[in-house]
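Numbering of the sequence shown is given in the numbering used here, commencing with residue 4 and proceeding in unit increments.
All C-beta atoms, glycine included, are put in the ideal place defined by N, C-alpha and C.
Step one of this worksheet: look at the structure below.
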Amino acid sequence: MSLLTKRNKVRKEPLTSSRQTNLRTNIILVDSSLFVNKKNGKKELLTEEDVFEGRADLMNCVELRPDIVHNSLLMLLDSPLCKSGCLQDILISNSDSKLIRISPKFRVPRSFKLFSKVFSEFLISPNGELKLPDNDGTVLITLLNSSLEDYLSQSEVVVGLSKNAKKVNFQKFIESEIISKVDCGLSSVSFVVGASAVKDSCDKLASLFTHYISFSDISIPSYICCTKICGELEEQLGIH
Numbered sequence: 004m005s006l007l008t009k010r011n012k013v014r015k016e017p018l019t020s021s022r023q024t025n026l027r028t029n030i031i032l033v034d035s036s037l038f039v040n041k042k043n044g045k046k047e048l049l050t051e052e053d054v055f056e057g058r059a060d061l062m063n064c065v066e067l068r069p070d071i072v073h074n075s076l077l078m079l080l081d082s083p084l085c086k087s088g089c090l091q092d093i094l095i096s097n098s099d100s101k102l103i104r105i106s107p108k109f110r111v112p113r114s115f116k117l118f119s120k121v122f123s124e125f126l127i128s129p130n131g132e133l134k135l136p137d138n139d140g141t142v143l144i145t146l147l148n149s150s151l152e153d154y155l156s157q158s159e160v161v162v163g164l165s166k167n168a169k170k171v172n173f174q175k176f177i178e179s180e181i182i183s184k185v186d187c188g189l190s191s192v193s194f195v196v197g198a199s200a201v202k203d204s205c206d207k208l209a210s211l212f213t214h215y216i217s218f219s220d221i222s223i224p225s226y227i228c229c230t231k232i233c234g235e236l237e238e239q240l241g242i243h
C-alpha cells in the first residue's frame, strides 16, 4: 500500500474550465476478466499464464485477460480528456457482473505486476473500496451496487462499439451526434467498449444503446478504441 500512496498522493484534481466541461464523458469496459488468485500467501490477478502453468483452474471463464483492463486504464487516465476533468467516470463491468468505478484521480501502476497486486487488494476488500491511507480517505476504486443497465439509463447518449455494428466516419459521428448538441444542453455521454479478446461483448447490450456503431472493419483492441474516443473528443472540444 505504501507504493500506492507514493504514486497517488501527488495526483492533482482534474482541471475544469471552459464550456467543454459541460459535457461529462463516461467510458465503460465490459466483459472484463478480473479474478484473484491466492497462492502461498500471495494475491494477484488470475492470468492465462497461471492456467497454462497449472497454477489455477480456468473457473469456467472463456479467457483470463486482466492486461486488457490495465492497458485501457493506462490510456484513459493519462489522457488530456481525463486531466481536463471531462472524463467523469471509468467503469468496469466484470464477467461476474460486478460493476467497478475507477476514480479519475487513480494513478495506474505502470507495471502489470504492481497493478495486479493493487487490484487484488481491492477485489478482496470487505467494504468494496480501495482508499488511500491519507487524512481525506481518498477513494480510488469502488464496487457499485447498481447494475450496468441502471447506470447507462442515466446517460442521454449511450454509444456501443462493435465491429459487427454499422460502420461510420467516427469524426463526423462525434461532431454531429455529440459536439453539435452540447450547446443545446447535452451533458452526458457514455461509450461502451468490450474488454474481451474473444467475445463481441457489446452485442448482448445493444438494446441499451442510443447508437451502435463501428469505426473499423476489423477487430480493434480495447485500448485503441479508448484512444480513438478520447482523441476525437479532445480534438473537437479543443482539449490539448
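Exposed unless 16 or more other CB atoms sit within 10 angstroms - verdict on residue i
i: Pro-107; result: buried
i: Ser-35; result: buried
i: Thr-19; result: For Thr-19, the pLDDT reaches just 47, beneath the cut-off of 50, and the residue's location in the model is therefore unreliable, although a value from the coordinates is still provided. Result: exposed.
i: His-73; result: buried
i: Lys-207; result: exposed
i: Gly-188; result: exposed
i: Gly-197; result: buried
i: Ile-221; result: exposed
i: Ser-21; result: With a pLDDT of 48 at Ser-21, under the threshold of 50, the modelled position of that residue is not reliable, and the figure given next carries that caveat. Under this definition Ser-21 is an exposed residue.
i: Glu-235; result: buried
i: Asn-97; result: buried
i: Val-156; result: Per the sequence shown, the amino acid found at residue 156 is Ser instead of Val. Label assigned to Ser-156: exposed.
Cβ distance (whole Å) where residue i is taken to contact residue j below 8 Å
i: Ile-227; j: Phe-194; result: At roughly 13 Å, the Cβ-Cβ gap does not stay under 8 Å, so Ile-227 and Phe-194 are not in contact.
i: Cys-85; j: Leu-79; result: 6 Å
i: Glu-66; j: Val-201; result: 5 Å
i: Leu-164; j: Ile-127; result: That pair is no contact at about 31 Å.
i: Thr-28; j: Leu-76; result: Actually they do not touch by this definition, with Cβ atoms about 15 Å apart.
i: Phe-125; j: Leu-133; result: 4 Å
i: Leu-146; j: Lys-101; result: 6 Å
Alpha-carbon to alpha-carbon, residue j and residue i
i: Lys-46; j: Asp-186; result: 48 Å
i: Asn-130; j: Leu-240; result: 38 Å
i: Asp-137; j: Ile-31; result: 28 Å
i: Leu-25; j: Ile-177; result: The amino acid occupying residue 25 in the given sequence is Asn; Leu does not appear at that position. Cα to Cα, Asn-25 sits roughly 16 Å from Ile-177.
i: Asp-70; j: Phe-118; result: 9 Å
i: Ala-168; j: Val-162; result: 11 Å
i: Pro-17; j: Phe-109; result: Here the model assigns Pro-17 a pLDDT of 47, short of 50, so the residue's position is not dependable, and the following value carries that caveat. Using only the alpha carbons, I get a separation of about 11 Å.
i: Thr-50; j: Gln-174; result: 36 Å
i: Lys-166; j: Ser-199; result: 13 Å
i: Asp-139; j: Val-171; result: 45 Å
i: Ser-246; j: Val-192; result: Because the chain here runs from 4 to 243, residue 246 falls outside it and cannot be looked at.
i: Val-13; j: Tyr-154; result: Low confidence applies to Val-13: its pLDDT is 47, below 50, so where it sits in the model is not reliable enough to give any reading.
i: Asp-203; j: Val-33; result: 10 Å
i: Val-111; j: Thr-213; result: 31 Å
i: Lys-116; j: Asn-40; result: 13 Å
Beta-ladder partner(s) of residue i, from DSSP
i: Leu-32; result: Ile-95, Val-196
i: Ile-216; result: Lys-169
i: Leu-48; result: Val-39
i: Leu-90; result: Thr-28
Any chance you could list the alpha helix (DSSP H) runs of at least 4 consecutive residues sitting entirely within the stretch 103-183, in chain order?
115-126, 151-155, 173-177
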